[in-house]
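Number of protein chains: 4
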Amino acid sequence: MSNPTLRIGLAGLGRLGRRYAENLARTVPRASLDAVCSPVDEEVAWARDTLGVSRHYSDYRAMLADPALDAVFLVTPTSLHAEQIEQALDAGKHVFCEKPLSLDLATCLHTVEHAKRYPQLRAMVGFVRHFDASYRDAKARIEAGGIGRPFMVYSQTADKLDPTGAFVKFAPTSGGLFLDCSVHDIDLARWLLGRPAVKRVYAIGTAAMYPELEPIGDIDNGAAVCEFVDGSMAMFYASRTQAHGHDTHTDIIGTAGKLSVGRNPRADRVEIADAYGVRSLSVPSFFERFEEAFQAQCVHFIDAVLDNKPFDLTLEDAAEATRIAVALRESRQSGKPIDL
Amino acid sequence: MSNPTLRIGLAGLGRLGRRYAENLARTVPRASLDAVCSPVDEEVAWARDTLGVSRHYSDYRAMLADPALDAVFLVTPTSLHAEQIEQALDAGKHVFCEKPLSLDLATCLHTVEHAKRYPQLRAMVGFVRHFDASYRDAKARIEAGGIGRPFMVYSQTADKLDPTGAFVKFAPTSGGLFLDCSVHDIDLARWLLGRPAVKRVYAIGTAAMYPELEPIGDIDNGAAVCEFVDGSMAMFYASRTQAHGHDTHTDIIGTAGKLSVGRNPRADRVEIADAYGVRSLSVPSFFERFEEAFQAQCVHFIDAVLDNKPFDLTLEDAAEATRIAVALRESRQSGKPIDL
Amino acid sequence: MSNPTLRIGLAGLGRLGRRYAENLARTVPRASLDAVCSPVDEEVAWARDTLGVSRHYSDYRAMLADPALDAVFLVTPTSLHAEQIEQALDAGKHVFCEKPLSLDLATCLHTVEHAKRYPQLRAMVGFVRHFDASYRDAKARIEAGGIGRPFMVYSQTADKLDPTGAFVKFAPTSGGLFLDCSVHDIDLARWLLGRPAVKRVYAIGTAAMYPELEPIGDIDNGAAVCEFVDGSMAMFYASRTQAHGHDTHTDIIGTAGKLSVGRNPRADRVEIADAYGVRSLSVPSFFERFEEAFQAQCVHFIDAVLDNKPFDLTLEDAAEATRIAVALRESRQSGKPIDL
Amino acid sequence: MSNPTLRIGLAGLGRLGRRYAENLARTVPRASLDAVCSPVDEEVAWARDTLGVSRHYSDYRAMLADPALDAVFLVTPTSLHAEQIEQALDAGKHVFCEKPLSLDLATCLHTVEHAKRYPQLRAMVGFVRHFDASYRDAKARIEAGGIGRPFMVYSQTADKLDPTGAFVKFAPTSGGLFLDCSVHDIDLARWLLGRPAVKRVYAIGTAAMYPELEPIGDIDNGAAVCEFVDGSMAMFYASRTQAHGHDTHTDIIGTAGKLSVGRNPRADRVEIADAYGVRSLSVPSFFERFEEAFQAQCVHFIDAVLDNKPFDLTLEDAAEATRIAVALRESRQSGKPIDL
């Protein structure tokens, strides 16, 4: 074991990037966060002062030139992901990238092809739900035959309503509701159903609370159905407007049973009985819901690279999720089913 | 109050018909089950011996000629419903009919028109879920503004798997999965959303466990999305193959909250903690789930007739549910969305 | 079947008495509510006008003299129960009496002895929870061996806080918290554990919100433990001060599992997800919780009498529940365990 | 920040000790696991090879002489705790010790007094539930007034049945059921109720499944009630024989509401619907239930020592929990209430 730790440079220190940095610096075994990259001085200073990261870059290419890094983590804006992955591979680094690979299918496929040139390097796009203990439990039960043959998935990603509507500013570059939210559910459905080939999708939607989304062709609530060539099916629901909290859940139905993951998005194990009834509070956002999964995802990446084990997720999976999400958007906008 | 009870003749004494007969004979206030009609001698004998019903008919027209009956209840085969409703009205009787009105839209509309000739007579097709205490509670909360403006419904009707496959025999005359099962969810969605006009539907499906349904163009699991002209939406799921029990549930999402009705189809208030985990058993069929609602439905009909109050459900509602269900079937078979 | 219905006279038309009257008059098969007895004219008028009861008495002895009655139902003040049962038996009537038999143990035992003189007549004190579908389900599972040998019961009766404190007025004649509330839990524990002989009890309590109970030696929250001679145990909790609703629930633990009955006192199958979390509302009082059980209890009594089947509950059970509840009160007041 | 990490020596590398070692070595910020102590060579070798711990001791006093250690963690047999704490303090080390302080009250009090000699050193006995996110949430809600004035606690510690009965071997040195299990519930009740003085306790119990406990005066199921001088109350239940899993839960009732912590001991967010009903699996043992709390407990200790903040728990709390648990045992054995 000549290289017992993975020497990591992280690019992107926004809200989610800082979480990654904390995990890599503090709690993930065999990870060494040796460098960070951000154009924002305060962010770099935070990593230095809070986490003790010693090498700092404002330029991504400069960090890639650092010979004492084995891998890079990308928590940068989506529009940069594909090119930065390719650059990291060209620089001889393993690369982990936050989802999505790209909002553009051709770009996704370009990166998939590019990565094939470097069989000795590993690249993964993070769909964090794969690493959530409950989703993993569900997947293991399915593989053990616990629900017979799975043939139907219902999955939703539903954010808590933000009365300030701050997300609207972000909407134009998000790819729209299906690319931003449903891409997780698409990926889950494919994973849980055994990656069947998709046949046809159809989607609908509405701007129920944010009419300002309409001029940019986006919606705040959407629903879709998806057929796979093996006869299995999926239903997706995505929303920006839940009153109670971040409500991500998934049902998987098989010939011998059903699994529901996260049906009640309870924040913890406390139940309150008072004038409002018997109740549990909900997680406010995906951060709280998937806090441990983000950590487990880092562990998975680092273990797979150091121990040369397969990833749970390939770049092809990331490209396929984008392909289907783009089709949902197109279906919703055209009112027609899309054959894939 | 010269006529404090409604004198009733009931046609159809199959499994569900007997339940109606018991309710009308024993527990529904102001109902008097004075006559029954069935071509099966044993069924008539059962009503006489068990319930003490005194007048018996093997011919429906003969029962309609009985001048001492105010109303008829129809729990006959679906194919007879529309004509028998019209005949009852022609005979001067109020009429309650089990759902559906008809599997054929033109027939539905014919009966709707026919009924307009008899403004003094009352006719209702029973969609029993309207009379379930929990659905009524949900409806009342919506009307009180409890979830703001409702804009999204998810509703499913999912039967417990019958390993004998007995229902397959019944499938050819059922109208198919959407007409047999989803018609309830369609009706609920319209009711809970305030009866918006439907715009377009799209449906998919599979014969996951009963391939013998394929030759007759039917499925055992189906999913659909539905757009309404006011921008609200619905998702439907129907199944014949649930491992755990009869699982009918409905979510209604509004701008200020969500209501879920029957999410856990628990049989009663008992929770078991043993080697299988912490668990509740599920209701085996719609009979157990809606036992009290069937009774409440009779009470509603009889109260509305005797006290001249409006029905919760009109014949137009029944026709519209059929119209949408037929469109779902057509969409699934053609692979195309159907504009309505 | 020369006597297919039981001809009933009901004494007591207070809040609970009217419910009994409605059940007997309208929904209980083979019951005929032929007479009522109340010193309050308006109550008698209500029974006549609303339920069509034809014979009316202001004097209990006069009703007992009515030769056309087979049985009486007593929903009168607790202090009258024992004597009225004895008088009914003396008059040759079967008798059903709301719980408790008496707050005084000697009186209970006197009635038990008195009843033995009339082996042809049936007498039962109603502990309504025996007839609740969920408790019956639990009992049936236990008898089928579903939890192995049961050896531990936790049971609570906890009323919703009444901010008006109206119940305080009633407290002095209630026998106190344990005799009024825990008597149900005592009876359940004995029933579910197979009626073992009780060995010793110990109880504590506090007047947490109604200090005006202290001068009369009563409490608004109490807890107790109970040992049986076979080694099995029970814990009881009683309260007048729950914020969320009427919370009656029972756990039964056996060597192979645990059953919980009514742990979440949900009012119906509706779940609300809104700014207060994911929640269900609770039943406000025992009326709503046990509405159907009150009906089933009448059915049980009438079926047992007409078909000569055993009661689920004997007068001895009622006396034993009083004996134990009196011991709890004594233990709480003395601070000492009571051997029984 | 001249000493940004706490240099730790850990004594005891049994099952739980190894968990502590992993947490301190890998995931707890500002902790440096520099030494381990165990008489078992394999355990020391594991710490060296797996965690890279560089200094190893087979003798506790030798480790205490190590000048480069700031603190010791004790995960040793209970009988050693008190003396080892005193020795650590004498050696100038801060000390964290797994619960309990001692099974003997006099020993507890001796250590409490001893510690007062070293005001500059910190000592804490770990009651891990204080550091569970859900218990902390409950405590915060209580302090914020969410349930009004709390006056009643029900708390249970119930282990999953071990069909091998392995724990029986351990029973003679465990102090018995109340000292081993209920001590947690006692501590929780005191904490959640604001540490009122205890007035009187009473306990009962049975050897329901392990009769071999009887000769050693122990039980496998026990129940107790506890009165505090301010009128508040507690009920405790402890068990070694749950069929479904490790079932630790706590209710706290106040004048304006109730909090339940961990009522359903669900293992994760997966719900299974199959032939056994709708169900969740339970955590198998306290390890899985409190895995994160063990980590948070280490963080709490290290932060409090390094930043000179108060502990959530004092040695006096640990002594008081033992005092009450001893009284429960005495009450159960004598059949008499114990005044404290």
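Chains as they are written, first to last, in our numbering: chain A, 1 to 340; chain B, 1001 to 1340; chain C, 2001 to 2340; chain D, 3001 to 3340. Positions of the beta carbon are idealized from the N, C-alpha and C atoms, including for glycine.
Between the CA atoms of residue j and residue i - distance to the nearest angstrom
i         : j         : result
B/Val1201 : B/Arg1323 : 11 Å
B/Val1283 : B/Asp1274 : 20 Å
B/Leu1213 : A/Gly194  : 25 Å
D/Asn3308 : D/Leu3121 : 10 Å
C/His2130 : C/Ser2285 : 17 Å
B/Phe1290 : B/Tyr1135 : 11 Å
D/Gly3254 : D/Glu3143 : 12 Å
C/Cys2226 : C/Cys2181 : 16 Å
B/Gly1014 : B/Val1044 : 11 Å
B/Gly1176 : B/Asp1218 : 5 Å
A/Val270  : B/Phe1311 : 44 Å
D/Pro3029 : D/Leu3006 : 9 Å
C/Asp2339 : D/Lys3336 : 11 Å
C/His2094 : B/Phe1287 : 35 Å
B/Met1235 : B/Asp1251 : 10 Å
C/Ser2002 : B/Leu1010 : With a pLDDT of 42 at C/Ser2002, under the threshold of 50, the predicted position of this residue should be treated as unreliable, and no value is reported.
Those residues which DSSP pairs with residue i across a bridge
i         : result
C/Thr2250 : C/Ser2155 and C/Val2261
C/Pro2150 : C/Gly2254
C/Val2278 : A/Ser280 and C/Ala2273
B/Arg1007 : B/Ser1032
B/Lys1160 : B/Gln1242
A/Phe299  : Reading off the sequence shown, one finds Val at residue 299 of chain A, where the question assumed Phe. DSSP, once it has assigned bridges, lists no residue as partnering A/Val299.
D/Val3339 : Here the sequence assigns Asp to residue 3339 of chain D, which means Val is not the residue at that position. Answer is D/Arg3200, bridged to D/Asp3339.
A/Arg266  : A/Ser282
Bounding residues of the beta strand (DSSP E) (the contiguous stretch that carries residue i)
i         : result
D/Lys3309 : No beta strand (DSSP E) contains D/Lys3309, which DSSP labels as neither H nor E.
D/His3110 : Unbroken run through D/His3110 is the alpha helix (DSSP H), Leu3105 to Ala3115; no beta strand (DSSP E).
D/Val3368 : Given that chain D is displayed from residue 3001 to residue 3340, the structure contains no residue 3368 of chain D and the question cannot be resolved.
A/Ala123  : Ala123 to Gly126
Run of the alpha helix (DSSP H) containing residue i, from where it starts to where it stops
i         : result
C/Ala2140 : Ala2133 to Glu2143
C/Ala2318 : Leu2315 to Ser2334
C/Phe2286 : Phe2286 to Arg2289
Scan the segment 1124–1137 of chain B for residues whose Cβ lies nearer than 7 Å to a Cβ of chain D and list them as they occur along the chain.
none
If contact means a Cβ-Cβ distance below 8 Å, which residues of the segment 5–31 of chain A contact chain D?
Arg26, Thr27 and Pro29
Using a Cβ-Cβ cut-off of less than 7 Å, list which residues of the segment 2258–2289 of chain C approach chain B; keep chain order.
Lys2258, Leu2259, Ser2260, Val2261, Gly2262, Arg2263, Asp2268, Arg2269, Val2270, Glu2271, Ile2272, Ala2273 and Asp2274
Counting only runs of 4+ residues fully inside the segment 164–243 of chain A, write out the alpha helix (DSSP H) ranges in chain order.
167–170 and 183–192
Closer than 8 Å between beta carbons: that is the criterion. Which residues of the segment 1143–1166 of chain B meet it against chain C?
Gly1146 and Ile1147
For the segment 2225–2246 of chain C, which residues have a beta carbon sitting closer than 7 Å to at least one beta carbon of chain A?
Ala2243 and His2244
In chain order, each alpha helix (DSSP H) run of at least 4 residues that lies wholly inside the segment 1012–1089 of chain B
1015–1022, 1041–1051 and 1060–1064
Give the residues from the segment 1309–1321 of chain B that approach chain A closer than 9 Å (Cβ to any Cβ), ordered along the chain.
none
Under 8 Å, CB to CB, which of the residues in the segment 209–222 of chain A have a partner in chain B?
Met209 and Asn221
Using a Cβ-Cβ cut-off of less than 8 Å, list which residues of the segment 1177–1208 of chain B approach chain A; keep chain order.
Arg1200, Tyr1202, Ala1203, Ile1204, Gly1205, Thr1206, Ala1207 and Ala1208
If the cut-off is 8 Å on Cβ atoms, which residues from the segment 3102–3118 of chain D count as contacting chain A, listed in chain order?
none
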